[in-house]
Amino acid sequence: METARRTCGNGVYRSGDIDRQVAVFGWVQAYRNHGGVLFIDVRDRTGFVQLRCETDRAAVYATALTLRPEWVVAATGKVISRASNTNSKIATGDVEIEVHALEVLSEAQTPPFEIKDGVNANDDLRLQYRYLDLRRPELSKNFAARSHITQLTRKYFIEHDFLELETPILTKSTPEGARDYLVPSRVHGGQFYALPQSPQQFKQLFMMAGMDRYMQICRCFRDEDLRADRQPEFTQLDLEMSFVTPEQLYELLEGYVAMVWKEFLGVDIALPVQRMTYAQAMDTYGCDKPDLRFELPLCDITETVRGATEFRVFTAALESGGRVKALALPDGSAFTRKDLDTTLPQEAATHGAKGLAWARIAAGGEWSGPVAKALSVELRAELAAKLGVGDGALILFVADKAAVVNASLARLRLVAAERLGLLLKSKWAFLWVTDFPMFEYDDGEKRWSAMHHPFTSPRPDQVHLLDSEPGAVLAQAYDLVVNGTELGGGSIRIHRSDLQAKVFGLLGLSDEQVRDKFGFFVDALKYGTPPHGGIAFGLDRLMMLLVGADSLRDVIAFPKTARAACLMSQAPCAVDERQLAELHIAVAK
RNA sequence: GGAGUGGUAGUUCAGUUGGUUAGAACGCUGGCCUGUCAAGCCAGAGGUCGCGGGUUCAAGUCCCGUCCGCUCCGCCA
124 METARRTCGN
134 GVYRSGDIDR
144 QVAVFGWVQA
154 YRNHGGVLFI
164 DVRDRTGFVQ
174 LRCETDRAAV
184 YATALTLRPE
194 WVVAATGKVI
204 SRASNTNSKI
214 ATGDVEIEVH
224 ALEVLSEAQT
234 PPFEIKDGVN
244 ANDDLRLQYR
254 YLDLRRPELS
264 KNFAARSHIT
274 QLTRKYFIEH
284 DFLELETPIL
294 TKSTPEGARD
304 YLVPSRVHGG
314 QFYALPQSPQ
324 QFKQLFMMAG
334 MDRYMQICRC
344 FRDEDLRADR
354 QPEFTQLDLE
364 MSFVTPEQLY
374 ELLEGYVAMV
384 WKEFLGVDIA
394 LPVQRMTYAQ
404 AMDTYGCDKP
414 DLRFELPLCD
424 ITETVRGATE
434 FRVFTAALES
444 GGRVKALALP
454 DGSAFTRKDL
464 DTTLPQEAAT
474 HGAKGLAWAR
484 IAAGGEWSGP
494 VAKALSVELR
504 AELAAKLGVG
514 DGALILFVAD
524 KAAVVNASLA
534 RLRLVAAERL
544 GLLLKSKWAF
554 LWVTDFPMFE
564 YDDGEKRWSA
574 MHHPFTSPRP
584 DQVHLLDSEP
594 GAVLAQAYDL
604 VVNGTELGGG
614 SIRIHRSDLQ
624 AKVFGLLGLS
634 DEQVRDKFGF
644 FVDALKYGTP
654 PHGGIAFGLD
664 RLMMLLVGAD
674 SLRDVIAFPK
684 TARAACLMSQ
694 APCAVDERQL
704 AELHIAVAK
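Letter by letter, the first sequence follows residues 124 to 712 in the working numbering.
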C-alpha cells in the first residue's frame, strides 16, 4: 500500500466525495475504541479525516487495535456518510472513511508533548522537537501562509517589471551597522568573509549595472542580541529601482501591501497610506514607529510648566535642559493606585525614567495625586485645556532628558493601550514615517553615525547643511510602520561619488578606510550611476502581522533561542582541531 | 553587558510558616465498551524537585553560585 496513490489531502473530504474509493495517508492524531467499532483521526497538513474500522474486517480491526498516536498509516476504503452522527465542528465532519485495508507505515515513540493545537509545552521543549511542533495545525498553517505570501510577492513585483536577482552570501565585512557573522577562509589564511547584513551594496551595484528594477527574497544575518521580533538570521524582501522618486516607491509599495492584505486577509487598506515626519512622530508619540490604531498622543508641556511650578521633579529636569511631557488618558479608571505606584513606574524605569508623576481629575474637576498639590489652580486649568481632558482623566508626567521622556512615555502609551483594549488585531494602521535625520551622534564613539545607512541620500534641499550642521540634515529615508511594527525601511541612495565621499567623511571614515572597505563601491559610482532608491521589508515581521503571531519563532521554521542557539541541532558547537587547523584558526582559551 | 521572570512525573501545573510517604489533570500501560470525535468507565506504572555548594535536627521551600527558556534595556546602519 506504500505505493498506492494518495487521493487528496485528509482535510478536504466532503459529502460530495461519498462513495469514492480512496487512499488516505497520514499521522494518527487520535483513536477512539468502542469495542466493536474503532475511530481513527488521520492528520496531514490539510487537516484530518475520521477512519472507521469494524470487527467484521478482522485484519483491519486487528491492525487498528495496535495503533498509537503519531504512527504513520495508510488506509484504503470508501467515503461514506456519517448519517446522523455528523460533527459540524470538523471540516470533514460530514463523512468518514470505511476502511477496507489498513497498514502501518511507521511506528512512533510517544512524543514528548501532545501534537495538538492549544498545547502549552515549554518553548525549549518545543524547539528541541521542532519537527513535532511543526505538525501542529496552528503552527503549520503559518508556513502554508508564508509560502502563499512569497508567491504573491514574486508575482506582484515580476508584474511590475522587476528582475529577481541573487546576491552573494559569502561577502565582505564592512564597518558601520551591525556586528557581522564571519566565515573564515581556508584558501586565504587569516582572512574572513562576512555574511550579509543586507545586500545593500550589491543591489545598488545592480542599478549601476543597468538592471533597473531588482527584487530578492533573501536571507540576512546580524550578530546582535535577539528579541521576540529579531532573529540572527531573517528574511528580507529586498527591492531597488533606478530613476525613482520617493512618491513612486510609496505608490508601488502601497499597492503591494494592499494586494497582500486583500488577497490574504480579505481586508481593504485605505490608500494612500498616512504619512508623518520623523520629527512629528517623535514629538507626538515619542517613537519613530507609532502604533496609530489608537490616538493617545503625548503632549510637550515643557513651556507650560516652566516658571509656573516649584515641583522639584519638573524644575530639576528643566534646569538640566530636559523636557516635560504628559500622556493624558481621558478615562483613568482602569488604573489602580498600585499601577500608578508600582507597575507603570517600573515600565517607565526600563526606559530610563527615574520616576513617574501622575494626577487624576475627579468628577467636579478636583485634582488628586502626588503632583496635584504642586500645581496651582491656574496651571491645572491650563494643563487640562492643553491636554484636552476633563473629569475622570488620568495624566502621566515624565520629566527628564528628551530621549528618556520620549522612550518611557512611548512605552506607557502602549501599556495603557493594551490595558484599555486598544490593540485590536483586526485593525490595521499603516504609516509612512519620512524625513529621518541623516545622522545621529554616537556618544560612545564621539562621532556621527548614519541613522539609516551610509548610502542614504540627504534631501536635495538639505545638502548645504552637511558642512555646517550635520545633525540637522534630513535624509530621503522612509519607514513603513504597521500597528507599531517597523515593517520596512528604505531610502533614495547617493548616486554621486563626491556626495558619497562627503558623507563617508562626516562619518569619520578616512580615505584609506573608504578605499579598503568600500573601494569597489566608490569606484563603481564613478562609472555612470543612475539615481536610484529602494526599500527592504522584513518578511518574517510581515508574516507575524498577517497571521497574528507574537513571536518570530511562530513564522520561522527553525528559529534560534534568545541566545542564538538552535536547540534542535545544538548549533553552534565546537569543531575538531583538524577543521580549525585547515582554517588557520586557534581558539583562545 | 544589565534587569525581570520561570525551571517539581512524559507534559502542564499545585506544593502554606522549612516538618510524616511530594500531589492533580492530561498523557502513557493494561482491561471493558458498536457512534465517538478533548470519547467514556476501571486499574496501574511513572519523581536526580535544572545543576553545584551552604544554613539547619530537618530544604522542593531559606542563602550563594551556576546552566537553560522567555520578556525587556543596552545593541540591532
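Quick reminder that beta carbons are idealized off the backbone N, C-alpha and C, glycines included. Computed from a predicted model, the values in this text were never measured in an experiment.
For residue i, which residues in the same chain have their Cβ closer than 8 angstroms to its Cβ, ignoring the five residues on either side in sequence?
i    : result
A672 : N265, M666 and V678
D565 : W571 and S572
A709 : L703
W555 : Y373, V396, Q397, R398, M399, Y601, D602, L603 and V604
H655 : Q327, M330, E363, M364, S365, F366, V367, I615, R616 and H618
M691 : L250, Q251, Y252, R253, Y254 and F681
So, at 7 angstroms on beta carbons, what are the nonlocal neighbours of residue i in its own chain, with the 5 sequence-adjacent residues on each side left out?
i    : result
L662 : I340, T358, Q359 and L360
K448 : L421, C422, D423, I424, V521, V528 and L532
K550 : R416
L388 : L669
K726 : Limits of the chain in this structure are 124 at one end and 712 at the other, which puts residue 726 out of reach.
G478 : V436 and P468
Report the residue from the options whose alpha carbon sits nearest the alpha carbon of residue i.
i    : options                   : result
M338 : I281, G409, G312 and P298 : I281
L547 : T400, G607 and M331       : G607
S211 : S138, L588 and K625       : S138
A127 : R155, L228, E193 and V183 : L228
A600 : G631, L632, M561 and K569 : M561
M405 : G478, T438, Y184 and R534 : R534
L288 : Q144, A301 and G333       : G333
F458 : Y252, L517, V586 and S308 : L517
F559 : K326, R253 and T400       : T400
A685 : D352, E221, A214 and L376 : D352
Q693 : I213, G134, F162 and Y252 : Y252
F660 : C343, T189 and D634       : C343
I617 : F627, A595 and G611       : F627
A486 : T465, D454, Y184 and V500 : D454
G611 : Y379, K385 and A530       : Y379
L706 : A182, T466, R309 and H157 : R309
A525 : E442, H223, Y304 and G216 : E442
L328 : D646, S674, R664 and A687 : D646
R350 : M691, R676 and R701       : R676
G98  : Q585, L589 and P581       : Beyond the ends of the chain as shown, which are 124 and 712, falls residue 98; an answer cannot be given.
E377 : R638, Y254 and Y279       : Y279
K385 : D284, H271 and L589       : H271
G409 : D217, L537 and A181       : L537
S456 : D256, G216 and A539       : A539
T169 : A181, R191, R129 and W194 : R129
D256 : R269, A267 and P234       : P234
F434 : P413, L502, D391 and G511 : L502
So, at 6 angstroms on beta carbons, what are the nonlocal neighbours of residue i in its own chain, with the 5 sequence-adjacent residues on each side left out?
i    : result
T186 : L225
L463 : W481
G475 : V527
A552 : L415, R416 and N606
A439 : none
D140 : V202
Classify residue i: buried if its beta carbon has 16 or more other beta carbons within 10 angstroms, exposed otherwise.
i    : result
F643 : exposed
S321 : buried
P319 : buried
C696 : exposed
H587 : exposed
Y254 : exposed
V500 : exposed
D621 : exposed
For a quick check, are the C-beta atoms of residue i and residue j less than 7 angstroms apart?
i    : j    : result
Q623 : L648 : yes
G149 : R175 : no
G657 : L362 : yes
F171 : D164 : yes
V151 : E177 : no
P593 : E299 : no
K640 : T297 : yes
T407 : L498 : no
A214 : G313 : no
E221 : Q173 : no
E347 : A402 : no
If you pair each beta-carbon of the segment 258 to 272 with each one of the segment 229 to 246, do three or more pairs fall below 8 angstroms? Yes, they touch.
Inter-stretch contact at 8 angstroms, needing at least 3 Cβ pairs: the segment 197 to 214 / the segment 130 to 144: Contact annotation: the segment 197 to 214 touches the segment 130 to 144, with at least three C-beta pairs closer than 8 angstroms.
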